[in-house]
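In this note's numbering, the protein residues as written are -8 to 322. In this text, a Cβ means the ideal position worked out from N, Cα and C, and glycines have one as well. Here is the structure we will look at, set down as structure tokens.
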Amino acid sequence: MINRIDKVRDILLIKGLDAILICKPENIRYISGFTGTTGYVIITKTDAQFITDFRYLEQAQKECVGFSIIEISNREALIDLIKNLHPSSLGVEEEFFTYGDATALQLNIKSTSLVKLRGALTKIRSIKEEGELKLIEKAARIGDKAFEHILNFIKPGISEIDISIELDFYMRKSGSSGASFDFIVASGTRSSLPHGVASKKIIEKGDFVTLDFGCIYDGYCSDMTRTVVVGKANDRQREIYSLVLKAQETALQAVKPGISGIELDSIARGIISSEGYGNYFGHGLGHGVGLEIHELPNINSRGDVRMESGMVITIEPGIYIPGFGGVRIED
């Protein structure tokens, strides 16, 4: 993790900070290697400290290579620790740092100004190292096998919840530590719900069934969507599915270093709009995946970041027609 500490120190220099306080679990894991649930990281120009309570002390000593391990018992002790560093400026993750934390720090360390990091740590994480790519690939392969398995499970008479539970159970048996998000299993007219979390609805012959699922393997997420028909697809179902598949495959083929999320989104959206379904594709084309299921870069109309080697993204166009159903395909 030494190289990652150096990356954080680059942020210190760029932003002119004395120290950075890291509270977000995914950033803590990325920087320190800590897999527990309670801890903080403080990085200065000369030291890297991992702070936790008694429950995780031994674990941190094993996992957090290159860090000074410090035991604290409460937030007041953390504030005292920061005060002893005498930072005139402290970088914080404003999207995760709570109002209570900020208030407590400002009341007790009046000489320290809090500076927003503006997603700098998340940007570092968007470029995956070789080891990270292998873990994401493993998570994706578990998802692939789960889809093959669930095709033989889906049939009229079972519920969407039955499918969701079976997917989760199968992936856990295959090495996953858990689901990377609440699975979407939406059938029949419910498949027009982009985020139709599994319900008690019973699967019927002729239903579209949209499955959006993923798992976590050694901390890293996978995310995929498949849409199937129970029985034989009708002409309109085939039309919509074929159009979404064309948009998805065309956008996938366009992914390369240098292209932006805006451009990729426009490619897929243009194909769907050209056939008159533009109003039925109401979400972005994709997102980054890693320690979080949604992270940088953004693949949508605001995704101005240029793709770089090592980024992992999803491509997931869809068409959702209320009262009829919907299709999404995601890799």
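Checklist entry - Which two residues bound the contiguous beta strand (DSSP E) that contains Asp203? => result 199 to 204
Checklist entry - Residue ranges of each beta strand (DSSP E) run of no fewer than 3 residues wholly in the segment 23 to 82, ordered along the chain? => result Fully enclosed beta strand (DSSP E) runs of 3 or longer: 31 to 35, 39 to 43, 59 to 62.
Next on the checklist: Can you tell me whether His285 is helix, strand or coil according to DSSP?
Outcome noted: coil
Item to check | Three-state secondary structure assigned by DSSP to Ser257 | outcome: helix
Item to check | 8 Å CB neighbourhood of Glu85 in its chain, flanking five on each side removed | outcome: Lys107, Leu108, Arg109
Checklist entry - With distances taken between CB atoms, is the gap from Ser171 to Cys212 smaller than 8 Å? => result yes
Checklist entry - Which word fits Ser104, buried or exposed, when buried means at least 16 other C-beta atoms lie within 10 angstroms of its C-beta? => result exposed
Next on the checklist: Nearest by alpha-carbon distance to Arg297: which of Gln239, Phe204, Lys114, Ile194 is it?
Outcome noted: Of Gln239, Phe204, Lys114, Ile194, the smallest CA-CA separation from Arg297 is found for Lys114.
Checklist entry - Pairing CB atoms from the segment 303 to 318 with CB atoms from the segment 243 to 257, are three or more of them under 8 Å? => result yes
Next on the checklist: Suppose the cutoff is 8 Å on Cβ atoms and the five residues either side in sequence are ignored; what does the same chain contact list for Lys192 look like?
Outcome noted: Ser150, Glu151, Ser178, Gly179, Arg181
Checklist entry - Can you find at least 3 beta carbon pairs, one from the segment 220 to 236 and one from the segment 250 to 257, that sit closer than 8 Å? => result no
Checklist entry - How would you write the range of the beta strand (DSSP E) that Val318 sits in, first residue to last? => result Note, Val318: beta strand (DSSP E), 316 to 319.
Checklist entry - Name the DSSP bridge partner or partners of Arg297? => result Ser251
Checklist entry - Is it the case that the Cβ atoms of Ile60 and Leu72 are separated by a distance below 8 Å? => result Not a contact, by the Cβ cut-off of 8 Å.
Checklist entry - Tell me which same chain residues have a C-beta within less than 7 Å of the C-beta of Ile236, skipping the five on either side of it? => result Note that residue 236 corresponds to Leu in the displayed sequence, not to Ile. Once the five neighbours on either side are set aside, the close Cβ partners of Leu236 are Ile320.
Item to check | Where the alpha helix (DSSP H) through Arg109 begins and ends | outcome: The continuous stretches of alpha helix (DSSP H) do not include Arg109, and DSSP gives it neither H nor E.
Checklist entry - Taking just the CA atoms, how far does Gly277 sit from Glu286? => result 10 Å
Checklist entry - Do Glu283 and Glu17 have their C-beta atoms closer together than 8 Å? => result yes
Next on the checklist: In chain order, what are the residue ranges of uninterrupted beta strand (DSSP E) at least 3 long that sit wholly in the segment 98 to 162?
Outcome noted: 104 to 107
Item to check | Beta-carbon proximity check, Leu12 vs Leu81, cutoff 8 Å | outcome: It is a contact, given that the beta carbons lie within the stated cut-off.
Checklist entry - The alpha helix (DSSP H) spanning Ile231 covers which residue range? => result According to the DSSP assignment, Ile231 belongs to the alpha helix (DSSP H) that extends over 226 to 245.
Item to check | Residues near Ile141 by beta carbon distance below 8 Å, same chain, minus five either side | outcome: Ile154, Glu157, Leu158, Tyr161, Leu202
Item to check | Beta-carbon proximity check, Ile258 vs Thr241, cutoff 8 Å | outcome: Result yes, Cβ atoms of Ile258 and Thr241 sit closer than 8 Å.
Checklist entry - What is the DSSP secondary structure of Ala177, counted as helix, strand or coil? => result strand
Checklist entry - Which residue's Cα is closest to the Cα of Ser265: His274, Gln228, Ile310, Asn225? => result Ile310
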